[in-house]
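Heads up: the structure comes next, in structure tokens.
2 protein chains.
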Amino acid sequence: MTRSWWGWGNVEDAVRGAELDALLARARALAPGELTDHEPPSIASLGLPASRISAPAALAALCSADPGDRAAHAHGKAFRDVVRNLRGDLRHVPDLVARPRGERDLIDLLDWCGRDGIAVIPYGGGSSVVGGIEPRFADGRAAVTVDLTRMGDVLQIDPVSRAARVQAGVFGPRLEDRLRPHGLTLRHFPQSFEFSTLGGWLATRSGGHYATLDTHIDDLVESMRVVTPGGVGESRRLPGSGAGPSPDRLFLGSEGTLGIITEAWMRLRERPRWRARASVRFADYGAAVAATRAVAQSGLNPANCRLLDAAEALVNAGVSVGGGVLVFGFESADHPVRASLDRAVEICRDHGGEAPDGPADGDPGDTWRSSFLRMPYQRDALARHSLIVETFETACTWDGFDRLHRAVTGAARAAIREVAGDGIVTCRFTHVYPDGPAPYFGVYAPGRWDGLLTQWDEIKAAVSEAIAANGGTITHHHAVGRDHRPWYDRQRPGPFAAALTAAKAALDPAWILNPGVLLPDAHLSGHA
Amino acid sequence: MTRSWWGWGNVEDAVRGAELDALLARARALAPGELTDHEPPSIASLGLPASRISAPAALAALCSADPGDRAAHAHGKAFRDVVRNLRGDLRHVPDLVARPRGERDLIDLLDWCGRDGIAVIPYGGGSSVVGGIEPRFADGRAAVTVDLTRMGDVLQIDPVSRAARVQAGVFGPRLEDRLRPHGLTLRHFPQSFEFSTLGGWLATRSGGHYATLDTHIDDLVESMRVVTPGGVGESRRLPGSGAGPSPDRLFLGSEGTLGIITEAWMRLRERPRWRARASVRFADYGAAVAATRAVAQSGLNPANCRLLDAAEALVNAGVSVGGGVLVFGFESADHPVRASLDRAVEICRDHGGEAPDGPADGDPGDTWRSSFLRMPYQRDALARHSLIVETFETACTWDGFDRLHRAVTGAARAAIREVAGDGIVTCRFTHVYPDGPAPYFGVYAPGRWDGLLTQWDEIKAAVSEAIAANGGTITHHHAVGRDHRPWYDRQRPGPFAAALTAAKAALDPAWILNPGVLLPDAHLSGHA
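Keeping their order, the protein sequence lines are chains A and B.
Count along the first sequence starting at 1, add 6, and that's the number in the numbering used here.
Count along the second sequence starting at 1, add 6, and that's the number in the numbering used here.
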């Protein structure tokens, strides 16, 4: 398999043939007429500027100035990244890509970059959709992208406590492959699972496939090991603690700005033996939301609980329904879960939902799940044909959901009308909490090849304003990066901003770690 | 009711009469012969030094220099606090006790103390057992204890999201009284419930009565409002978020060193309608631990799950058993829980546990629960009679529990032998996680009236060393305060210590907030 430098995943898995024909046939509903395919440019044609730095002799063997390496590490995998790649617009490219073999290499790299004022971009799978790994700085300084995937093994398994010591650079499939013989699983399946790493999940507070309870990777962490310019630290392996503010919680979500996570002890579970799932259809969206809230507040804690609105059900599950489809599932390694499923179905019926008797095979949930994994590939194919296809997400309390939903879909539709004419806005809940849902929106609209980026950026700004103004978070599990900064800065409490700035100045006095992410890209506050 | 200045709770609820006779009869097993009662001294006899400061005119009405107020706010409620109070040993007493009516008062108090270099001790219910509210500083500076209990109301209830906006100074019973008419509960019941406040729970990462899932108050927080010398901040009400490191998690467990928590939106739940519980007896402690681990890893998530060892079962539940008694319970507002109970009992029987068929009334769990609430009062009565009675707690992974348990009980027994001759060490699990238990130890030994403090301090130092050397946390839910500092400093990763120090210097540049708690009592690192 060959990783795509410009788009999602493996080159061999790209959408083609009958899948492409069917996809484009559907796309023509939005963009009538012939759709032009735009081939990705060759690396050679990009004409990347030469690297401005060279590594000290002792580190040279770890560092690559290969244009293909540099191009592949320049952008994340958002729509705006793919579009810029397709158009050959790579303004900010790392000068070098370094691949440390272990902590010693990493410390030496940080020492060198600190001495020379070179920015360091920690890099796992590179699946950021928020500009989190893009070396884009106001001062245009040189950057080394530190690709951690050579530090990608499972080092130790504790079957008694059900935990494993794992290196940050491990990709999802390899991690699960190593745990499977022990009957264990991390069971953290973000959409990026195949092409993202544990370290990336930890640094960005990744959201997994669990819809309730352990939704974020945060809750699966027993301890973490972090290399900072100011020293190496490791928290104690503990199932719970009340000894001061949680050390791990400061590094979870720090997005490479405070240190580089190298290892973690992760909480595992036995692989499930009992499973049950169902899909419930609703004629009315308000009733579907109320039912979902009731299930979320029931204490049944379904493993999956995804409410697809009518547009989402139609576009991605091929189901025509007036209100929405609620897909949920239960699972356990210890005991049957059918009673929980039945109770959840009963709650839904009390809210007017229609469910087949008993768990169904071949239900809309199945179609939706397989579609889920193909989405990024299809997004790439559509982007090549000048379609705007992107998602964004938030979370809010239940009492504020209706208002937020109306405001965000309204803002999205108005912006689409403004920049693209026609378009579709979909909404699904990816996670549900007793006190609120995490809505995830999809946007599909016709674009202009030479205007795709600004078209999307205008839509994104409009919906981000609507989220900020209506009590949502600017991100539930896509992180902040560089692209969410304006709204994150408004959302973050002032004292915490001051504390985070001071913490960074203490750990990273040369301000080299992922500058511009979470905090300004230069240090102006005079702390260090 | 009158709050005791020197001991636990209300004066009217102290142990007396038949309860006292029975208690002393049991104590004589440890301390044969006549037991002398030591009456608490009168406030007047304490001869407190005069207050060294006076508040500015605008704040004078909020501040009390009354000796009774100052004495009652000098110490927490640990054994060593009660003993020192009984002996009239109050070396470190706040100069003033301030009772702000709202945030404006609080900000004015912080401004004044910052200007004059006066230490500020945030104070909720005063139930610290780790020296967390004691104005004990190397430089002997003046201190104002800020008692927040005038800011103690429920301000807003959101029944849709099931959350309430609550002032930090509310005591447990008042909070629940305000929620009950709405059919809602926070259901956070630390042993101190009656005499501790929401703000104290948040600042110390309190552990509640839930044995699994939402064990710490941390998980019940939707947003928090904090007043710091550097400004006021409030996080957004969100059910979940991935926008940078969690702002709330920095203030949770900050023990009044970074700011003063004034309000929080707390997640609530419906009051339970279904309940089921059982007690299972084990002839072998190892089997009991294995069964408890299996239940903790089953995903059944009991609301209570407490393993009492043989000594704990005998001393506090009146049950004679070879290995231990596992008490667990399930509850739900939505659905029956009997199937979960039956499965948990089945797991225990697979490990050799003996359970009566069906849930039992009048079981050892009942006796233990009523004893639980009387324990602090009985501790006070025994302290008056020169008995050493104290608890300490930790948490560790399952794979390390046997070693830690042996080391800690061994260290406790050796220290008791050394300082007191005979004694009893008990152990129970207060909380269980899939990856480890939170063991809670009790120590009962005969003391000498003039040596009680040093006797206990030697035992405590020995067990703390054993915990630190065997992978435990120095505290699971008792916080760090001043007393746990030496072990906390070793446990805390270096980079986090640097980050926390820098955060404090940014938010509290005059270093006035609870100096000596979590961090050194003077600021030596040159950041501010």
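Think of the CB as a built atom: it goes at the ideal place given N, C-alpha and C, for glycine as much as any other residue.
DSSP state of residue i, grouped into three classes?
i                     : result
residue 483 (chain A) : coil
residue 307 (chain B) : coil
residue 531 (chain B) : Because the pLDDT of residue 531 (chain B) is 49, which lies under 50, any placement of that residue in the model is unreliable, and the number read from its coordinates should be weighed accordingly. Residue 531 (chain B): coil per DSSP, three-state reduction.
residue 352 (chain A) : helix
residue 251 (chain A) : coil
residue 85 (chain B)  : helix
residue 20 (chain A)  : coil
residue 407 (chain A) : helix
residue 383 (chain A) : helix
residue 394 (chain B) : strand
residue 291 (chain A) : helix
residue 132 (chain B) : coil
residue 424 (chain B) : helix
residue 9 (chain B)   : strand
residue 148 (chain B) : coil
residue 429 (chain B) : coil
residue 35 (chain A)  : coil
residue 221 (chain A) : coil
residue 495 (chain A) : helix
residue 525 (chain B) : coil
residue 42 (chain B)  : coil
When you compare only the Cα positions, how much space is there between residue i and residue j?
i                     : j                     : result
residue 492 (chain B) : residue 229 (chain A) : 21 Å
residue 42 (chain B)  : residue 454 (chain B) : 11 Å
residue 199 (chain A) : residue 206 (chain A) : 11 Å
residue 309 (chain B) : residue 272 (chain A) : 24 Å
residue 333 (chain B) : residue 407 (chain A) : 40 Å
residue 162 (chain B) : residue 269 (chain B) : 11 Å
residue 27 (chain B)  : residue 445 (chain B) : 30 Å
residue 19 (chain B)  : residue 379 (chain B) : 11 Å
residue 160 (chain A) : residue 290 (chain A) : 47 Å
residue 360 (chain A) : residue 297 (chain A) : 12 Å
residue 100 (chain A) : residue 141 (chain A) : 6 Å
residue 533 (chain A) : residue 279 (chain B) : A caution first: residue 533 (chain A) carries a pLDDT of 40, below 50, which makes its placement in the model too unreliable to give a value.
residue 531 (chain B) : residue 253 (chain B) : Residue confidence is low: residue 531 (chain B) scores 49 on pLDDT, short of 50, so the model does not pin down where it sits. No coordinate-derived value is stated.
residue 17 (chain B)  : residue 179 (chain B) : 18 Å
residue 436 (chain B) : residue 512 (chain A) : 37 Å
residue 448 (chain A) : residue 416 (chain A) : 13 Å
Assuming residue i is part of the beta strand (DSSP E), what are its boundary residues?
i                     : result
residue 60 (chain A)  : Here residue 60 (chain A) belongs to no beta strand (DSSP E), and DSSP marks it neither H nor E.
residue 337 (chain A) : 330–338
residue 229 (chain B) : 227–234
Which chain B residues sit within Cβ distance under 7 Å of residue i?
i                     : result
residue 167 (chain A) : 403, 404, 405, 441 and 442
residue 303 (chain A) : 168
residue 338 (chain A) : 305
So residue i contacts chain B; which residues on that side make the cut at Cβ distance below 8 Å?
i                     : result
residue 494 (chain A) : 249 and 250
residue 497 (chain A) : 242 and 249
residue 284 (chain A) : Per Cβ cutoff of 8 Å: no residues; residue 284 (chain A) is ~16 Å from chain B at best.
So with CB distances below 7 Å, who are the chain A contacts of residue i?
i                     : result
residue 193 (chain B) : Those within 7 Å of residue 193 (chain B) in chain A number zero; the least Cβ separation is about 12 Å.
residue 236 (chain B) : 501 and 504
residue 131 (chain B) : Per Cβ cutoff of 7 Å: no residues; residue 131 (chain B) is ~17 Å from chain A at best.
How far does the alpha helix (DSSP H) with residue i in it reach, from first residue to last?
i                     : result
residue 162 (chain B) : Unbroken run through residue 162 (chain B) is the beta strand (DSSP E), 160–164; no alpha helix (DSSP H).
residue 78 (chain B)  : 73–78
residue 463 (chain B) : 458–475
residue 273 (chain B) : Where residue 273 (chain B) is concerned, there is no enclosing alpha helix (DSSP H), although the beta strand (DSSP E) it sits in stretches over 266–273.
residue 502 (chain A) : 500–513
Which residues in chain B sit within 9 Å of residue i, going by Cβ to Cβ distance?
i                    : result
residue 40 (chain A) : Going along chain B, no residue has its Cβ under 9 Å from residue 40 (chain A), so there is no contact; the nearest lies around 40 Å.
Answer yes or no: does any C-beta atom of chain C fall closer than 8 Å to that of residue i?
i                     : result
residue 161 (chain A) : Here the protein chains are A and B, and chain C is not one of them.
What is the C-beta distance between residue i and residue j, in whole angstroms, given that I count them as a contact (C-beta under 8 Å)?
i                     : j                     : result
residue 438 (chain A) : residue 311 (chain A) : 5 Å
residue 480 (chain A) : residue 262 (chain A) : Not confirmed; about 18 Å, so no contact.
residue 515 (chain A) : residue 83 (chain A)  : Incorrect: roughly 32 Å between the Cβ atoms, too far for contact.
Listing by chain order, which chain A residues have their CB less than 8 Å from the CB of residue i?
i                     : result
residue 228 (chain B) : 403 and 441
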